[in-house]
Amino acid sequence: MVHSDRPTPTGLSRRTQPWPRRETRPARTALAAAATIGGMRQLYPEQREVTLEDIAAECLAAQTPRDAMLPFIRAVMIASIDGAVRGTSGTSTDLTNSEDLALLSLMRACSDAVLVGAQTVRCYPYRPPRPNPRWLAMRRTAGMTDAPQLVVVTRTGVADDNPCFSDSERPPMFVVPTSCPAIERLTERAEVIVAGEDDVDMTVMATELRERGFSRVSCEGGPALLDSLATRGLVDELFLTTAPMWIGVADLHLGAGVGAAIAGDFEVSRLMLGEDSYLYTQWRARGGQQQ
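34 is the number of the first residue of the sequence shown in the working numbering; add one for each residue after it.
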């Protein structure tokens, strides 16, 4: 989950291997229903051992939209200690671990929709989320559907054989500008929201998602999409996994394409320490959403 619908900068060198070198890890989108965490310790606001169920209940309760016209948007990202969001594989595969995958699955379980940029969808085998037996009771009690809706933000569309179309019963939803050349083709296979002219208008998109009943949205990147939301005051929370790795000279970092000197003001609401010195931090926007 490290790409946006913008071209990757070229002409930049990077290390041939992350440091320190680690074993090959599963793709971050390969979510397992039985994913677990072990040894997770919350350090703030109070020190205690926590389970996925503890975190899920608290996240679900804390993501009530603060604006009747907008959804609660939680960004979910992973980065190295020097800010890189992908390693030598060109994806976050180099950074993730089983705890991170379990927490990513949990954040999806707390969401009505999963929002991603088209380049992320092209880079990974991104498929519509499936119902996770572990979280079905929680979602049904909260009045949610059995699985979140996949929403893809794109200026140009995606290929017809992209894995996001793999489930005809749960097609993705697309958000495009009026200039998108693939509007008609996408409309034949999925619901399409038109927001903006030459680029997607993030505020219009957020409003349209809320009108369709998506009051809790999980944004899984990439960084440029996250930045577009943050600079418009639409990110309510960032759940950031910090991998204990130094990637070195990388071509894509968290906050790539920053459009303002200060895109938002956040404060820590939770800090957890996991296996192998992985850190998990929840950052809440001060004062809620701002337009």
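For every residue, glycine included, the Cβ atom is placed at its ideal position computed from N, Cα and C.
All values derive from a computational prediction rather than experimental measurement.
Other residues of its chain near residue i: CB distance less than 6 Å, five sequence neighbours each side excluded
{"i": "S302", "result": "Q315 and R317"}
{"i": "R203", "result": "P161"}
{"i": "D200", "result": "P161"}
{"i": "M238", "result": "V208 and A228"}
{"i": "Q96", "result": "F105 and R249"}
{"i": "A215", "result": "G190"}
8 Å Cβ cutoff met for residue i and residue j
{"i": "C197", "j": "V154", "result": "yes"}
{"i": "D145", "j": "F207", "result": "no"}
{"i": "R297", "j": "G150", "result": "For the record, residue 297 in the displayed sequence is Gly; it is not Arg. No, Cβ-Cβ distance for G297 and G150 is not below 8 Å."}
{"i": "P98", "j": "R141", "result": "no"}
{"i": "D219", "j": "G176", "result": "Per the sequence presented here, residue 219 reads as Leu, with Asp not at that position. Contact flag unset, no."}
{"i": "C143", "j": "C92", "result": "yes"}
{"i": "V227", "j": "T211", "result": "yes"}
{"i": "V209", "j": "V233", "result": "yes"}
{"i": "I1", "j": "G123", "result": "Nothing about residue 1 can be reported from this structure: the residues present for the chain run from 34 to 324 only."}
{"i": "L262", "j": "I106", "result": "yes"}
{"i": "L139", "j": "L85", "result": "yes"}
{"i": "R74", "j": "L273", "result": "no"}
{"i": "L258", "j": "V186", "result": "yes"}
{"i": "A108", "j": "C252", "result": "yes"}
{"i": "L136", "j": "Y313", "result": "yes"}
Residue i classed as buried or exposed, judged by whether at least 16 other C-beta atoms fall within 10 angstroms
{"i": "I114", "result": "exposed"}
{"i": "W168", "result": "buried"}
{"i": "G249", "result": "Checking the sequence, you will find Arg at residue 249 rather than Gly. Label assigned to R249: buried."}
{"i": "A117", "result": "buried"}
{"i": "M102", "result": "exposed"}
{"i": "T129", "result": "buried"}
{"i": "A94", "result": "exposed"}
{"i": "E79", "result": "exposed"}
{"i": "Y311", "result": "buried"}
{"i": "T174", "result": "exposed"}
{"i": "Y157", "result": "buried"}
{"i": "P104", "result": "buried"}
{"i": "Y159", "result": "buried"}
{"i": "Y77", "result": "exposed"}
{"i": "E132", "result": "buried"}
{"i": "R319", "result": "exposed"}
{"i": "D87", "result": "exposed"}
{"i": "D269", "result": "buried"}
Residues near residue i by beta carbon distance below 7 Å, same chain, minus five either side
{"i": "A349", "result": "Nothing about residue 349 can be reported from this structure: the residues present for the chain run from 34 to 324 only."}
{"i": "V231", "result": "For the sequence presented, residue 231 should be read as Asp rather than Val. Excluding sequence neighbours, D231 sits near P210 and S212."}
{"i": "D179", "result": "P164, L169 and R172"}
{"i": "R222", "result": "F198 and P204"}
{"i": "Y83", "result": "According to the sequence displayed, residue 83 carries Val and not Tyr. Counting only Cβ-Cβ distances below 7 Å, and skipping sequence neighbours, we find M73, Q75 and M305."}
{"i": "L287", "result": "M110, A112, G116, V118 and P256"}
Chain-order list of residues whose beta-carbon lies under 8 Å from that of residue i (same chain, five-residue window excluded)
{"i": "V291", "result": "Annotation note: pLDDT 48 at V291 (below 50); position unreliable, coordinate value reported separately. D260 and T264."}
{"i": "L267", "result": "L103, I106, M235, T236, A239 and Q322"}
{"i": "P309", "result": "According to the sequence provided, residue 309 is Asp. The question's Pro does not apply to it. N130 and P277, listed in sequence order."}
Please give me, in chain order, every unbroken run of the alpha helix (DSSP H) with length at least 4 that falls completely inside the region 188-264.
216-220, 235-244 and 256-263
Tell me the start and end of each unbroken beta strand (DSSP E) in the region 79-120 that is at least 3 residues and wholly inside, in chain order.
With a minimum length of 3 residues, the continuous beta strand (DSSP E) runs that stay inside the region 79-120 are 105-113.
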